[in-house]
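Residue numbers (this note's numbering): 37 to 187.
Ideal Cβ placement from N, Cα and C applies to all residues, glycine included.
No experiment lies behind these values; they were computed from the predicted model shown.
Structure, as structure tokens:
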């Protein structure tokens, strides 16, 4: 599949107001109020603005923050990291490379090392594709990533 950044006008029509606010205007969804924070099925998470795969369920972990948390993206080539000094903090903002969608922030955790957690990892930027649907939806090449912990 070829993934492309969508025009802002197209995104405004395609996304809900909240999804647009989060992905395009760096908004924040409330914790524990989203579709995927407690999703446990196997599958992949894709950028809602482009369909590009970003994370696999085997890299998801419970951080207690109320948003889906991932230890890493499928590949770092899919992600841009930018210094963010808003709200009186210094942190690293994470954006999808192709879609330039705001994904959230990387936080360092003393006990687990770097983690991909976010004020925004939720349905606003993600779409979950269950393993059973991956092949038919064009993501079959990523199924092997779900098998890595089972070997």
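The beta carbon of residue 38 is closer than 6 Å to none in its chain, skipping five residues each way along the sequence. As for any beta strand (DSSP E) of minimum length 3 sitting wholly inside the stretch 67-141, the runs are 79-83, 89-92, 115-120, 127-132, ordered along the chain.
If you look at residue 162, you'll find it in the beta strand (DSSP E) that goes 162-166. Judged by beta-carbon spacing, residue 129 lies within the 8 Å limit of residue 118, meaning their Cβ atoms are closer than that value. Per the C-alpha coordinates, the member of 84, 104, 181, 124 positioned closest to residue 50 is 84. Counting only the Cα atoms, residue 105 lies some 17 Å from residue 114. Judged by DSSP secondary structure, residue 44 falls within the alpha helix (DSSP H) whose first and last residues are 44-50. In this chain, residue 64 is not harboured by any alpha helix (DSSP H), its DSSP state being neither H nor E. Two segments are said to touch when three or more pairs of C-beta atoms, one from each, lie closer than 8 Å; by this definition the stretch 92-99 does not touch the stretch 55-71. With contacts defined as CB atoms closer than 8 Å, residue 143 and residue 81 fail to qualify as a contacting pair.
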